[in-house]
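As structure tokens, the structure follows; a few thoughts come after it.
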Amino acid sequence: MNLIEGGVTAPKGFLAAAGAAGIKYEGRDDLALLVSKEPCESAGTFTSNVVKAAPVLWDRRIIREGNGPVRAVVVNSGIANACTGAEGMEICEKTAEAASEALGISPEEVLTASTGVIGMQIPVDKITAGIRALAPALKDTPEAGTAAAKAIMTTDTVRKEIAAKTVIGGKEVTIGAMTKGSGMIHPNMCTMLCFITTDAAISKEMLQKALSADVEETYNMISVDGDTSTNDTCVLLANGLAGNPVITAEGEDFDAFCEALRAVNTYLAKKMAGDGEGAEALFEMKVTGASAKAQAKTIARSVVSSSLVKTAIAGHDANWGRILCAMGYSGAEFDPEKVSLWFESAAGRVQIAKGGRAVSYSEEEATKILSEKEVTATADLGEGKESAAAWGCDLTYEYIRINADYRS
Numbered sequence: 000m001n002l003i004e005g006g007v008t009a010p011k012g013f014l015a016a017a018g019a020a021g022i023k024y025e026g027r028d029d030l031a032l033l034v035s036k037e038p039c040e041s042a043g044t045f046t047s048n049v050v051k052a053a054p055v056l057w058d059r060r061i062i063r064e065g066n067g068p069v070r071a072v073v074v075n076s077g078i079a080n081a082c083t084g085a086e087g088m089e090i091c092e093k094t095a096e097a098a099s100e101a102l103g104i105s106p107e108e109v110l111t112a113s114t115g116v117i118g119m120q121i122p123v124d125k126i127t128a129g130i131r132a133l134a135p136a137l138k139d140t141p142e143a144g145t146a147a148a149k150a151i152m153t154t155d156t157v158r159k160e161i162a163a164k165t166v167i168g169g170k171e172v173t174i175g176a177m178t179k180g181s182g183m184i185h186p187n188m189c190t191m192l193c194f195i196t197t198d199a200a201i202s203k204e205m206l207q208k209a210l211s212a213d214v215e216e217t218y219n220m221i222s223v224d225g226d227t228s229t230n231d232t233c234v235l236l237a238n239g240l241a242g243n244p245v246i247t248a249e250g251e252d253f254d255a256f257c258e259a260l261r262a263v264n265t266y267l268a269k270k271m272a273g274d275g276e277g278a279e280a281l282f283e284m285k286v287t288g289a290s291a292k293a294q295a296k297t298i299a300r301s302v303v304s305s306s307l308v309k310t311a312i313a314g315h316d317a318n319w320g321r322i323l324c325a326m327g328y329s330g331a332e333f334d335p336e337k338v339s340l341w342f343e344s345a346a347g348r349v350q351i352a353k354g355g356r357a358v359s360y361s362e363e364e365a366t367k368i369l370s371e372k373e374v375t376a377t378a379d380l381g382e383g384k385e386s387a388a389a390w391g392c393d394l395t396y397e398y399i400r401i402n403a404d405y406r407s
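With numbering that gives the first Met the number 0, the residue at position 373 of the sequence shown is 372, and numbering never jumps.
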């Protein structure tokens, strides 16, 4: 399995296009169209927020209740189509109908997704006009995939896309993906928006099984600001064009697919955490020596979600007491007097606590280590062999500025 450059157009049979529909932004692409040449099996995970955007309800119905294939996804940025009542669902319907007409497919084969300001109504005429303009421009090139990844950005500072290749049943299989997410990120299912494509031949049941399990270890292990979005959507489409024997059960082929999927989603989860609004550093929390996987995951996620830990990372301050504190209120049981703690980065590694107490270390060295763009804290619980990792970012003054000005 190898990670490669690319995105949603890397697998066989997937095309993309992007353009400026003028939905909210001026002078930049804000509409993306993703299409498969062949019908796809689909899987998805969606926000746990009780307040769900109209596209979430639309996609969830098609993926969970529908037995038919999916062929296309329409994504807009700028306006979230959340808290928009019946009109919001009508916009999803009209979006799907416009894609249906432009692509010659059924409206039930079209997924929709939106990101941006909550509560605003989308000018549907601009979306439908944009779809008609994008359909003839669809391409399977890397550049088309990158354009789509850029079009779905809001406060993101960099595009987020990656691909992976593996061999299943003697056939080369590719997985490609793009995500967007920078703020309002504390997922309890996946992430802000994520679109994954693959040319693997796999049943709908196994596709959903792979995605649901992987989300728990990747997108559910990141936090930027503690807010779970109304629009969180992660969609996985498989068109089978790789020609591998169809994966219908667990086994070697399924494991190979899951390994590639994990690599793609871990890469993108870390990209989103590191690109948190106003962030200057990616912060990774590793928990080792745990007695149970759930224990390790709960503790790791609690630490990356702590505002006090995040501000300590922003200040390059080895205030390890904040980490122990966040571990302690996580809800997981452990013995504080068995905990050892390290900080590490490209600048080196330093142990700062053992047996729940401080050890002698250089504050100057610790500050140097914490001044890098990627910083890791490792807590060994001294209880067992289980481990987990979570990803977050530092909390800076810039986060407040960005969100204070978000609607203007």
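Just so you know, even glycine gets a beta-carbon here, dropped at the ideal spot from N, CA and C.
Residue 145 is a Cβ neighbour of residue 6, given a cutoff of 8 Å. Between residue 0 and residue 165 a beta carbon distance of about 4 Å is seen, short of the 8 Å cut, so the two are scored as contacting. For the pair of segments examined, the stretch 97-105 was found to touch the stretch 65-76: the number of CB pairs separated by less than 8 Å reaches three. Comparing C-alpha distances from residue 157 to each of 115, 271, 191 and 130 shows the shortest one belongs to 271.
In the displayed model, residue 103 falls within coil according to three-state DSSP, outside both helix and strand. Uninterrupted alpha helix (DSSP H) stretches at least 4 residues long and entirely within the stretch 107-175 occur at 123-133 and 141-150, given in chain order. If you look at residue 25, you'll find it isn't in any beta strand (DSSP E); DSSP assigns it neither H nor E.
Take residue 288, set aside five residues on each side of it, and the residues of its chain with a beta-carbon closer than 7 Å to its own are 379, 380, 381, 382 and 383, in chain order. About 7 Å separates the beta carbon of residue 10 from that of residue 174, a gap short enough to meet the 8 Å contact definition. Residue environment for residue 66: exposed (fewer than 16 other C-beta atoms within 10 angstroms of its C-beta). Following the DSSP letters along the chain, one finds residue 379 inside the beta strand (DSSP E) bounded by residues 373-379. Distances from the CA of residue 132 to each of 338, 28, 351 and 241 were compared; the closest alpha carbon is that of 28. In the DSSP assignment, residue 33 is bridged to 15 and 72. In the three-state scheme derived from DSSP, where H, G and I count as helix and E and B as strand, residue 92 is classed as helix.
The secondary-structure analysis by DSSP pairs residue 283 across a beta bridge with 375 and 390.
Collapsing the DSSP output to three states places residue 55 in a helix.
Ranked by how close their Cα comes to the Cα of residue 200, the residues 240, 235, 216 and 185 have 240 in first place. Nearest to residue 339 by C-alpha distance, out of 352, 348 and 345, is 352. In the DSSP assignment, residue 353 falls within the beta strand (DSSP E) that extends over 347-353.
Residue pairing for residue 356: DSSP places it in a beta bridge opposite 353. Minimum Cα-Cα distance from residue 357 among the listed residues 373, 319, 389 and 386 corresponds to 319. For residue 265, the enclosing alpha helix (DSSP H) begins and ends at 251-273. Under a 10 Å Cβ-count criterion, residue 258 is classified as exposed, with fewer than 16 other Cβ atoms of the shown protein chains found around its own Cβ.
By the Cβ-count criterion, residue 403 is exposed, with fewer than 16 other Cβ atoms from all chains shown falling within 10 Å of its own Cβ. In this structure, residue 218 places its C-beta atom within 8 Å of the C-beta atom of residue 268.
In this structure, the beta-carbon distance from residue 124 to residue 8 does not fall below 8 Å. Proximity to residue 110 across 371, 392 and 193 peaks at 193, based on C-alpha coordinates.
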